[in-house]
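> All residue numbers for the sequence shown refer to this note's numbering, where the first residue is 573 and numbers rise by one.
Glycine is no exception: its CB is placed at the ideal position from the N, C-alpha and C atoms.
As the structure is a computational prediction, the values presented were derived from the model and not from experiment.
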Amino acid sequence: MDKFAAAGKPSQERRRVRAAQYLRMSTEHQTYSLDNQRDAIRSYAEVMGYDIVATYEDPGRSGLHLESRPGLKKLLYDVEHGLADFETVVVYDVSRWGRFQNIDESASYEYRCQMAGVRIEFCAEQFGNDGTVGSDVLKAIKRSMAAEYSRMLSQKVFLGQVRAAGMGFHVGGLQGLGLRRLMIDQSGHPKLVLARNEHKNLQSDRVVIVPGPPEEIATVQLIFRLFVGSRKNEADIARYLNARGIGNDFGRPWKREGVRRVLTNEKYIGNNVWNRRCTKFKSKMVWNPPDQWIRAENAIEPIVNRRLFEKAQQKIEALYPRMSDDELLAALRSVYKRLGKLSDAIIKAAPECPSSWRYRSRFGGLLNAYRLIGCLPPRNCHFMDIGKRLGAIRRRVIDDLLVAINKAGGQASCDPGTEVIRINNEFTVVTAIARCRVSHSAYPRWSSKAVGEVPADIFVLIRMDPGDRAIRDYLIAPMQEVAGMRLDFHVNNGMRLDSFLFPSLDPLVALAERASVESAA
């Protein structure tokens, strides 16, 4: 008992500390469920005298990279931009902060918080994060253990996938036109044909590939007959199919690479092939050599005659013999010297060049191949890099918005062709992104020509910070207010335009949540 209370005097109340909690759960174990983390942090806060005033969470998110974690990104943004109304952030343990493969990355995010005056505490660890030598050593060990756990788990998952693929089960990747994924139980009895983006719900279930709709099978067989029985190449076949309104497996027009994927897909003759490419630890995709492929013969009901398939492979080999890196670059250099420029369309039309897909897979992208033959000045390379990075940021924003709306109780989907977001089947949102350009007077400016290009109800413009590495804010406006305008503005734009600017996409999430509640009522 407090000695002051025992003496009949009021005890001196300790100042309450305002704190935030950060929660993250992938799919690895129930121990790390968000509810369990929240309960542990609540108990810790009661003992320490903390008031939890804010919550940042990443449900179902891997801890390997920051890019896929909107909760942690929002936390860092609030802390570094003076929006954090708290002194500390409580995390369950070091692994919830992240399983970054480079432990210095994990430390860097904590350091950014500390530099902004916000400390990080781990309530389930056996050390206080107080900056002492012992604490720092234990924390570094814990970060290494968290990273090693991901590596070990990845290896176990990979070995399990190798075994399943060798048994003829489908373990990932696109099945292809004319094929479907069938979920079966542990006894092999059929349960359900899975639609796109649907997955099995029981660990004991398996997925196998089966023939799909007859019209799709007929299209696959037509492609093989045209390629083997005529002088048509992949590009000719793509034009032939598009002229007759026949779409690919995504319902989109055919391209040369799509026809090639059909002609080289061994699933059509019954072989289940896996591990042709991989992305370990969410890193850049790499193509594996054929000796690392996992192949199960006669695991699928064939829809293409094996002899016809083999003739197609022979023709492909004759048209595009195995070329070394030097030979590929020489062919590309020849086209560049003849035309003075290069593009994806030019490569596809050049008879001496293989498909642009081969350059991408061999050199890690067309841009790298361009650099190797010296056909691009550094300025063009720079702008192409920026465009690629901004495209990835825009797609990430769309994914994060879909997750946030669905989590808030709304319904959101994105059309893969137009990338228009449909919310609660009531209104649509289209997004664009604007680089930050610094004028001659050293003032940043943003511009966008994308207003009104795609019909929608709401227009969202993502404005980047100088350097185009981080998002500055969002312009959210009804399309009717900005349609036909060329958005060209600077930091201070007047009251009307500034009223549309927001630090996050929370207004859209709130609008979706309110609409879903009203429709339910």
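1. For the segment 677–689 against the segment 619–631, are there 3 or more C-beta pairs whose distance is under 8 Å?
2. Can you tell me whether Leu655 is buried or exposed? The criterion is at least 16 other CB atoms within 10 Å of its CB, across all chains shown.
3. Taking DSSP as the reference, what is the three-state secondary structure of Leu636?
4. I need the DSSP call for Phe881, collapsed to helix, strand or coil.
5. What runs of the beta strand (DSSP E), each 3 residues or longer, lie entirely inside the segment 772–829?
6. Going by CA-CA distance only, name the one from Gly842, Leu900, Asp708 that's closest to Arg879.
7. Could you tell me which residues DSSP puts in a beta bridge with Arg1086?
8. Between Met1051 and Asp1029, which are expected to be in contact by the criterion C-beta below 8 Å, what is the C-beta distance as a whole number of angstroms?
9. Just tell me which of Pro785, Asn608, Val734, Gly738 has its CA closest to the CA of Asp821.
10. Is the beta carbon of Trp865 less than 8 Å from the beta carbon of Val743?
11. Mind checking which residues open and close the beta strand (DSSP E) that includes Lys763?
12. Using DSSP bridges, identify the partner residues of Phe925.
13. Would you tell me roughly how many angstroms separate the C-alpha atoms of Met1067 and Leu1073, rounded to the nearest one?
14. Sort Val975, Ile888, Leu939 by Cα distance to Ile958 and report the nearest one.
15. Quick check on this structure: which residue in Glu882, Tyr908, Ser598, Ala917 has the alpha carbon closest to the alpha carbon of Leu944?
16. Whose C-beta lies closer than 8 Å to the C-beta of Tyr1046 among residues of the same chain, with five residues either side of it excluded?
17. Got a sec? Which residues, its chain only, sit under 6 Å from Gln609 by beta carbon, not counting five neighbours each side?
18. Residue range of the alpha helix (DSSP H) that Ala612 falls in?
19. Would you mind working out which of Cys850, Gly745, Leu891, Ala1082 sits nearest Ser933, comparing C-alpha positions?
20. Taking its Cβ as the centre, do 16 or more other Cβ atoms sit within 10 Å of Val792, making it buried, or is it exposed?
21. Buried or exposed for Arg588, going by 16 or more other Cβ atoms inside 10 Å?
22. Using only the alpha-carbon positions, how far apart do Ser605 and Pro762 sit?
23. Could you tell me the boundaries of the alpha helix (DSSP H) in which Ile675 lies?
24. Are the Cβ atoms of Lys714 and Val662 separated by less than 8 Å?
25. DSSP state of Ile866, grouped into three classes?
26. Quick one: any contact between the segment 771–789 and the segment 746–753, if contact means 3 or more CB pairs under 8 Å?
27. With H, G and I counted as helix, E and B as strand and the rest as coil, what does DSSP make of Ile977?
28. Considering only the alpha carbon of each residue, which of Gly989, Phe999, Phe1061 lies closest to Ser1020?
29. Report all residues from its chain with a CB closer than 8 Å to the CB of Leu710; omit the five preceding and five following residues, and keep chain order.
30. Which two residues bound the contiguous alpha helix (DSSP H) that contains Arg910?
31. How about Ile1005 and Leu962: do their beta carbons lie closer than 8 Å?
32. Spatial neighbours of Glu1098 within its chain, please: C-beta separation below 7 Å, excluding the five flanking residues on both sides.
33. I believe Arg590 touches Phe658 by the beta-carbon criterion, under 8 Å. Please report the beta-carbon distance rounded to the nearest angstrom.
34. Along the alpha helix (DSSP H) that carries Gln698, what are the first and last residues, could you check?
35. Between which two residues does the alpha helix (DSSP H) holding Phe1031 run?
36. Quick check: Glu829 and Trp929, are their CB atoms within less than 8 Å of each other?
With the given structure in hand:
1. no
2. exposed
3. coil
4. helix
5. 778–783
6. The shortest Cα separation from Arg879 among Gly842, Leu900, Asp708 belongs to Gly842.
7. None; Arg1086 has no bridge partner.
8. 6 Å
9. Pro785
10. Taking C-beta atoms as the reference points, Trp865 and Val743 fail to come closer than 8 Å.
11. 762–766
12. Sequence inspection shows Cys at residue 925; the Phe mentioned does not correspond to that position. DSSP output for Cys925 lists no bridge partner at all.
13. For Met1067, the predicted structure reports a pLDDT of 43, less than 50, and the residue's modelled location is therefore unreliable. A value from the coordinates is still provided. Separation of Met1067 and Leu1073 (C-alpha to C-alpha, rounded to the nearest whole angstrom) is 10 Å.
14. The shortest Cα separation from Ile958 among Val975, Ile888, Leu939 belongs to Leu939.
15. Tyr908
16. Within the same chain, Tyr1046 has close Cβ partners Val1032, Leu1033, Ile1034, Arg1035, Leu1073, Phe1074, Pro1075, Ser1076, Leu1077.
17. Leu595, Tyr664
18. 606–620
19. With distances taken between Cα atoms, Ser933 lies closest to Cys850.
20. buried
21. exposed
22. 32 Å
23. 675–687
24. Not a contact, by the Cβ cut-off of 8 Å.
25. strand
26. yes
27. helix
28. For the residues Gly989, Phe999, Phe1061, the minimum Cα distance to Ser1020 belongs to Phe1061.
29. Glu697, Gln698, Phe699
30. 897–911
31. yes
32. A query on residue 1098 cannot be resolved here, the shown segment of the chain reaching from 573 to 1093 and no further.
33. 4 Å
34. Where Gln698 is concerned, there is no enclosing alpha helix (DSSP H), given that its DSSP letter is neither H nor E.
35. Not the alpha helix (DSSP H): Phe1031 falls in the beta strand (DSSP E), residues 1030–1036.
36. yes
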